[in-house]
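Since the structure comes first, as structure tokens, the remarks are kept for the end.
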Amino acid sequence: MRLHFELALVQRLLAHAKNAPEHRPTFDQMCDGQFRRDGKTFDFDGSSAAFPTSEDVDSAKIPAGLWLVGDRGLYLMSNGAPPLLLSGSSCSHVVAYAAECDPRNPGGWWDVKRTAFGGDDGTVFLEASFIEGLIARGRVESVCLDVTPERVEAVTPRMTVGRA
């Protein structure tokens, strides 16, 4: 399913991520040996007493990027730390909702979320270079991703043609 995110807001989120002194890991990154302090991949075989935490991760190894989050809607947010918060808030993050899946708008956002992302909540990491590549493809008004429960792909935007 094609999802569209406001370009200016995505650029703001990306700038925050790239300029942040540290980056927060997704759960998948907390399990991945290349990002962990001990270098071991966490597996769910039942031998471990606890799930991995951000303390298990070497934050210097986490690259800058955006998270595609599926929960109450679908949105992008910066993985930068400290987080980018709404003005005057101590816990509400700045996010870019997909136009098709914004819970602030009436309609079928829940159906869109389930179709595009699946029934479970989760987070997919998108490297900064991936987002930069989307933006660099042409003059666009939104960033477009094709999202299914199995994958996230770049969508080549239609070029905006100006009049002389």
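When the letters of the sequence shown are read in order and numbered with UniProt numbering, they come out as residues 1 to 164. Cβ coordinates follow ideal geometry from the N, Cα and C atoms, glycine included.
Note that the segment 55–71 touches the segment 15–25; at least 3 beta-carbon pairs, one per stretch, sit closer than 8 Å. DSSP places Glu100 within a helical segment (H, G or I) once states are collapsed to three.
Taking the C-beta atoms as reference points, Asp102 is found nearer than 9 Å to Trp109. Per the DSSP secondary-structure output, Phe130 pairs with nothing in a beta bridge. For Met30, the uninterrupted alpha helix (DSSP H) segment begins and ends at Phe27 to Cys31.
Rounded to the nearest whole angstrom, the C-alpha separation of Cys31 and Asp43 is 7 Å.
For Leu85, same chain residues with a beta-carbon under 8 Å away, outside a window of 5 residues either side, are Cys91, Ser92, His93 and Val94 in chain order. Under the three-state reduction of DSSP output, Val124 falls in the strand class. For Val124, the closest alpha carbon among the candidates Val10, Gln11 and Tyr75 is that of Tyr75.
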